[in-house]
């Protein structure tokens, strides 16, 4: 359900989720079209990236395409699965929190409890632009290890609270920030170890989210029923501890032959807090990308569509418990979303390869249409089998929305600026994903059922999809203006060259005439 922030090179393959920002892998070529690199601000950002990468003249190391990289891949898969598997299975924890902290005297308990999961998911996205800077400055390994440690502390602290309010800090902020800092480097590091196989590797890594989404709801239900909420959170700390150890596998590759000779390969590469010289950039964020009108519209339309996106993930289990009390294995609805979401990522990612340019946006429009429609159909399902069918369709188009996010970003801003473009977008997405579920919980508390909440949750995706429909027209119009301007400049330059040629020819002819005389 959650976009995975993959290496931009992987996005170009069209088979992976949208992820937090990272540096483009070696060999990534800029895509045609207008990009902020045409303006001075973007040129300054490029200079910053060069300064961070190392001294001028350093020879980039070719990705080894395997070896230690396979272990890095497994570690990144565990990270992807544990971070978003826990987030996607939050419906089970939501029900357990209501039982643990619920009170008949508190008529806003669903509203208060919904803030825990919403804050957690929102903070993961909100931190994305910041994490990209930390990864650039401090490296993947240090950022990931410290992030996993912070997430472990937040999750462990959550198991000792006595009321719902402290969970806003421990689970919603500390745990989520740690997850965000651990997650983004796990995808950036893949482009350091793989190039030719990057599409395959990203597909395997992002499958971790679907696998954990399928398995964790059953595990969490068994744990919450047998040992309770607090011991369940302590068991989940094991996942974060493994994630902490996995971060140590993200060892950096030597950037030049000089680094190898200096012992970087065998010495400092294995040191977590080894000293590394770098020039602090003057400008961390490249706001010039918002000068691209099509991207600006996209960055508004996507968050607008997501105000109801996370509502089913938080409240669906509670709704099922109220509507289908006699059903067993109610967690199967979340499992269905996880299965078809994985299928949708692979299927529509492949389809997107055959859709030219910015027209890929129409696939996102289609996905938002079905996500909104399925959200509205949830209250209409009086049979459990019908609800499963709705969840299967919703998961399929959820995977469609995720898989083509980065390829669209590539088309809109080019390869050089795609990292921060995705980072800003994910940051904007944090607002609606944080606000939506608590509003749905408040409606449930006031009206006594989730029917109105799910009906309203289906409206924003339809509105956001309508906004996105204008992007291909805006982009093509801008392209025509650029081509027209470029054509005029080429004609002027050609005339100047002809004039200078004629001038030089006349000068030579005059000299020859003088010599003859």
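In my numbering, the protein residues as written are 5 to 521.
Where a beta carbon is used, it is the ideal one built from N, C-alpha and C, also for glycine.
Inter-residue Cα distance where the pair is residue i and residue j
i, j, result
"residue 458", "residue 69", "46 Å"
"residue 445", "residue 319", "8 Å"
"residue 80", "residue 290", "27 Å"
"residue 154", "residue 484", "49 Å"
"residue 452", "residue 243", "36 Å"
"residue 209", "residue 251", "15 Å"
"residue 410", "residue 426", "7 Å"
"residue 147", "residue 186", "7 Å"
"residue 150", "residue 89", "20 Å"
"residue 312", "residue 378", "11 Å"
"residue 380", "residue 181", "32 Å"
"residue 394", "residue 331", "17 Å"
"residue 269", "residue 76", "Its pLDDT being 44, under 50, residue 269 is placed unreliably by the model, and the measurement read from it follows with that caveat. Going by the C-alpha atoms only, they are around 17 Å apart."
"residue 441", "residue 489", "48 Å"
"residue 216", "residue 86", "7 Å"
"residue 114", "residue 404", "30 Å"
"residue 241", "residue 360", "44 Å"
"residue 78", "residue 131", "24 Å"
"residue 164", "residue 118", "19 Å"
"residue 314", "residue 439", "9 Å"
"residue 437", "residue 230", "31 Å"
"residue 211", "residue 367", "21 Å"
"residue 338", "residue 414", "31 Å"
"residue 178", "residue 160", "11 Å"
"residue 3", "residue 249", "Residue coverage of the chain in this structure runs from 5 to 521, which leaves residue 3 outside it and unanswerable."
"residue 385", "residue 429", "34 Å"
Nearest residue (CA-CA) to residue i, options the options
i, options, result
"residue 374", "466, 328, 437 and 135", "466"
"residue 152", "247, 433 and 306", "247"
"residue 431", "161, 306 and 224", "306"
"residue 102", "370, 128, 168 and 89", "168"
"residue 398", "348, 358, 332 and 97", "348"
"residue 173", "158, 183, 166 and 447", "158"
"residue 197", "145, 72 and 447", "72"
"residue 256", "112, 96, 139 and 380", "139"
"residue 316", "98, 191 and 85", "98"
"residue 308", "489, 83, 463 and 162", "463"
"residue 213", "93, 435 and 415", "93"
"residue 135", "328, 389, 184 and 238", "184"
"residue 449", "389, 414 and 116", "116"
"residue 389", "328, 118 and 371", "328"
"residue 127", "478, 434, 160 and 482", "434"
"residue 219", "142, 112, 91 and 235", "91"
"residue 236", "333, 162, 74 and 245", "162"
"residue 400", "461, 477, 141 and 342", "342"
"residue 326", "382, 129 and 428", "382"
"residue 461", "376, 171 and 82", "376"
Chain-order list of residues whose beta-carbon lies under 6 Å from that of residue i (same chain, five-residue window excluded)
i, result
"residue 176", "120, 123 and 124"
"residue 233", "100 and 104"
"residue 323", "454"
"residue 144", "189, 192, 193 and 254"
"residue 396", "340 and 344"
"residue 106", "113"
"residue 372", "309, 465, 468 and 469"
Contacting residues, own chain, Cβ-Cβ under 7 Å from residue i (five flanking each side not counted)
i, result
"residue 4", "Nothing can be reported for residue 4, as the shown portion of the chain is limited to 5 through 521."
"residue 265", "Unreliable placement is indicated for residue 265, whose pLDDT of 44 sits below 50; no coordinate value is reported for it."
"residue 369", "469, 472 and 473"
"residue 96", "221, 224, 225, 228, 321 and 335"
"residue 480", "none"
"residue 239", "227"
"residue 346", "211, 214 and 403"
Start-to-end residues for the alpha helix (DSSP H) that takes in residue i
i, result
"residue 415", "409 to 417"
"residue 188", "180 to 192"
"residue 301", "297 to 309"
"residue 168", "That residue, residue 168, is in no alpha helix (DSSP H); it is neither H nor E in DSSP."
"residue 80", "72 to 92"
"residue 326", "315 to 327"
"residue 236", "232 to 250"
"residue 463", "463 to 472"
"residue 373", "365 to 381"
"residue 348", "336 to 356"
"residue 117", "113 to 130"
Sequence-distant residues of its chain with Cβ nearer than 8 Å to residue i (five each side left out)
i, result
"residue 412", "302, 362, 364, 365 and 368"
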